[in-house]
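Chemist:
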Amino acid sequence: LMKMKIFSFVDVDYFLYYFDFVLKAQSEKEGKGTAIKNIPPFAVFKEFPFPLPPLAEQQRIVAKIEEAFAEIDAIEKNKELLKTHIKQTRQKILDLAIHGKLVPQNKSDEPASVLLERITRDNPHYEKLIDIPFEIPDSWEWVKLGDVCSFFGGGTPDKSNPKYWNGSINWASVKDIKGIELTDTVDKITEAGFEESASSYAEKEDLILVTRINPGMCIQTKIKTAINQDLKVVKVPSQINKVYVMVFCNYAQKWFLEKSSGTTVKGIKIDAVLQMPFPLPPLAEQKRIVDRIEEIFKSLDEISLHLA
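What the sequence shown shows, in this note's numbering, is residues -9 to 298, in sequence order.
And the structure:
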């Protein structure tokens, strides 16, 4: 520690600001030590130049500095507020999309009922969904998610067996599920590891749904990858837009959590996923919805980038 006396013709705040912005940097430059820098001896320290305006001007400088700091604090608070608004806006856009209110309906679109008939004609277990969560446009249909999509589980090779790991096969787990696309995995397994784990492959462009830890999070993979037991490969028929299904799952994360069990780690059973009500628009409208969401989210991403 170093004891310093500040003369009456020096404003204390002016000196402290100067010390913080100038003297501290100079002290570190002149100081000795590697891991921890020491302020140089007093004999050197007292020789540092110190600009001394009149006392009244010192006080005006301090007032300006504090005014600038207050503006900076306000900007930072507004940034955080804007980030919150952007997050809420994204969720609102998804909400409008799933309720059929994001894009206008087109009377020339083939109704979802015709689309649904083609998808389910070979499914003897298909039953029309009666208990609907909310109203949707007349051209849409309510259906169980399991009636229009197929789900395949994953597995984990024995971690104690080195023959199963560090191979050439991508192997995805929850830690890899970030953003909206999967382009690589942290872990790789061997062919023997894949066979031993009874895992499933997600082909390029397939959807991957998280059913444990972050249930409901859904992304599209851009690589072929095996998956672990906390994930499900989602196979979407050609009559349905894959990205629309992904949009719906990410919108419905609150529902996934409500249907999940567990105290420390939440997880949802596949039976609950299969029974999940799914609002199905006409195929053409699905694409319009996806295109509009991507357009809006791109703008929000650009705003967020400037807030970083």
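A virtual CB, placed ideally from N, CA and C, is assigned to each residue, including glycine.
Locate the beta strand (DSSP E) running through Trp130, then write down its first and last residues.
Modeler: Unbroken run through Trp130: none, as it is neither H nor E.
Chemist: For Asn218 versus Gly145, is the C-beta distance shorter than 8 Å?
Modeler: yes
Chemist: Considering only the beta carbon of each residue, do Ser190 and Gly143 sit closer than 8 Å?
Modeler: With contacts defined as CB atoms closer than 8 Å, Ser190 and Gly143 qualify as a contacting pair.
Chemist: Could you tell me the alpha carbon to alpha carbon distance between Asp128 and Ser150, rounded to whole angstroms?
Modeler: Taking the CA atoms as reference points, Asp128 sits about 56 Å from Ser150.
Chemist: Do Phe238 and Phe268 have their beta-carbon atoms positioned less than 8 Å apart in this structure?
Modeler: yes
Chemist: Strictly by DSSP, which residues pair up with Phe142?
Modeler: Val223
Chemist: Per DSSP, what kind of secondary structure is Tyr8 in: helix, strand or coil?
Modeler: The three-state secondary structure of Tyr8, taken from DSSP, is helix.
Chemist: Could you spell out the range, first to last residue, of the alpha helix (DSSP H) harbouring Gly183?
Modeler: 181 to 187
Chemist: Look at the alpha carbon of Asp137 and the alpha carbon of Glu107, and state the distance between them as a whole number of angstroms.
Modeler: 11 Å
Chemist: Which residues share a DSSP beta bridge with Arg202?
Modeler: Gly257
Chemist: DSSP state of Ala192, grouped into three classes?
Modeler: strand
Chemist: So, with DSSP's three-state summary, where would you put Pro267?
Modeler: DSSP, read as helix, strand or coil, puts Pro267 in strand.
Chemist: Over the uninterrupted alpha helix (DSSP H) stretch that includes Thr175, give me the two end residues.
Modeler: DSSP places Thr175 outside any alpha helix (DSSP H), giving it a letter other than H or E.
Chemist: Taking the alpha carbon of Phe124 as the point to measure from, which residue in Gly90, His115, Asn113 has its own alpha carbon closest?
Modeler: The residue with the shortest Cα to Cα distance from Phe124 is Gly90.
Chemist: Residue range of the beta strand (DSSP E) that Val210 falls in?
Modeler: Reading off the sequence, residue 210 comes out as Gln, not Val. That run of the beta strand (DSSP E) goes 208 to 211.
Chemist: Just grab the DSSP bridge partners of Leu197 for me.
Modeler: Gln210, Val224
Chemist: Could you pull the DSSP bridge partners for Asn68 from this structure?
Modeler: Answer by DSSP bridge pairing: none, since Asn68 is not bridged.
Chemist: Using the beta-carbon count (16 or more within 10 Å), is Gly206 buried or exposed?
Modeler: buried
Chemist: Suppose you measure from the CA of Lys153 to the CA of Asp85; what does that come to, to the nearest Å?
Modeler: 47 Å
Chemist: Report yes or no: do the region 64 to 82 and the region 254 to 272 share at least 3 C-beta pairs separated by less than 8 Å?
Modeler: At 8 Å Cβ cutoff, the stretches do not touch.
Chemist: In three-state DSSP terms, what is Asn308?
Modeler: No information on residue 308 is available, as it lies outside the stretch -9 to 298 that the chain covers here.
Chemist: Under the three-state reduction of DSSP, which class applies to Ile230: helix, strand or coil?
Modeler: coil
Chemist: Three or more C-beta pairs under 8 Å: does that hold for the region 0 to 9 against the region 44 to 56?
Modeler: Cβ pair count under 8 Å is three or more, so yes.
Chemist: Using a C-beta cutoff of 8 Å, does Thr74 count as contacting chain B?
Modeler: Going by chain labels, chain B is absent from the structure shown, which holds only one protein chain.
Chemist: Among Asn204, Lys118, Thr180, Ser(-2), which one has its Cα closest to the Cα of Lys134?
Modeler: Lys118
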